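A.B. asks: Questions regarding the structure given below will be posed in turn.
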Amino acid sequence: MGRGKIAIKRIDNSTSRQVTFSKRRSGLLKKAKELAILCDAQVGVVIFSSTSKLHEYSSTSMKSVIERYNKTKEEHQQLLNQGSEIKFWQREAASLRQQLMELQENHRKLMGEGLYGLSVNDLQKLENQLEMSFRGVRMKKENALTEEIQEHSRKASLIHQENVELCKKVKLIEQENMELYRKAYGTKDVSASSGNGFFSYGLSVGGELDGPIQLQLSTPTPQKSNESRNNEMAVNLSISNN
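Residue 0 is where the sequence shown starts when you use numbering that gives the first Met the number 0, and the numbers rise one by one after that.
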């Protein structure tokens, strides 16, 4: 009595399924080896069981078989896709042309051209779109002006701070000059030093310390020589004697 034909479907019994897998796996690997030897073919077989266990056979090396498979499949796919690729780019070009025409039409409408045939609703939508665009432009402009004003304010604050520091340095230089004058001429009235030439070329500072600072050179006071002073004294004596 012959064996009955086995139905090709999933075996429900796990033990029978495992036995069948083991037998047929061995038969498949045996047939692959025979095919490689008899026909001088490059054969590679990869099997994963239901428990994720790997079983493989390769007539050379599995890596070379997979690389050859990927290369051959890619070349074959390129040959098949040449015609479809051309059709794809033709569809893309037609779509881009249609989008360009729509953009040009919208641009003409925004410029107030080609409005013939538009309904009241279409004109209202166009007006609303223009108002939204204007609001966006104004907002961008206001933001730019605000940033520019803030930048100028920051620079003005830095310049003012520099002026304050310069004023402090000038005050310090004046104090040092007064100390030098006291050491050189004794403890006389320092306020008269501005008329004798010692501070004739000093820097004068106008305004408050925290306000705007103006620096200017003072005009030197002409000094009289000893000879002119003696002549003046002689003239005064002769006048008094007369």
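Ideal Cβ positions, reconstructed from N, Cα and C, are used throughout, including at glycine.
As the structure is a prediction and not an experimental result, all values here were calculated from the model.
For the beta strand (DSSP E) that contains Gly43, what are its first and last residues?
C.D. replies: 43-47
A.B. asks: According to the neighbour-count rule (16 or more other Cβ atoms, all chains shown, within 10 Å of its Cβ), is Glu147 buried or exposed?
C.D. replies: exposed
A.B. asks: Sort out for me which residues DSSP pairs Glu55 with in a bridge.
C.D. replies: Answer is Val45, bridged to Glu55.
A.B. asks: Rounded to whole angstroms, how far is the Cβ of Arg16 from the Cβ of Ile10, which I believe are closer than 8 angstroms?
C.D. replies: 4 angstroms
A.B. asks: Return the chain-ordered list of same chain residues with a C-beta closer than 8 angstroms to the C-beta of Thr19, the five sequence neighbours on each side being excluded.
C.D. replies: Ile10
A.B. asks: What's the gap between the Cα of Ser118 and the Cα of Lys86?
C.D. replies: 39 angstroms
A.B. asks: Apply the 10 Å Cβ neighbour rule to Tyr115 and answer buried if 16 or more other Cβ atoms are within range, or exposed otherwise.
C.D. replies: exposed
A.B. asks: Taking just the CA atoms, how far does Leu78 sit from Leu37?
C.D. replies: 31 angstroms
A.B. asks: Measure the alpha-carbon distance for Met100 versus Asp121 and round it to whole angstroms.
C.D. replies: Rounded to the nearest angstrom, the two C-alpha atoms are 18 angstroms apart.
A.B. asks: Can you have a look at Val64 and say buried or exposed, based on whether 16 or more other CB atoms are within 10 angstroms of its CB?
C.D. replies: Looking at its Cβ environment, which holds 16 or more other Cβ atoms inside 10 Å, Val64 is buried.
A.B. asks: Where does Leu117 fall in DSSP's three states?
C.D. replies: Three-state DSSP puts Leu117 in coil, outside helix and strand.
A.B. asks: Would you call Gly43 buried or exposed, if buried means 16 or more other Cβ atoms sit within 10 Å of its Cβ?
C.D. replies: buried
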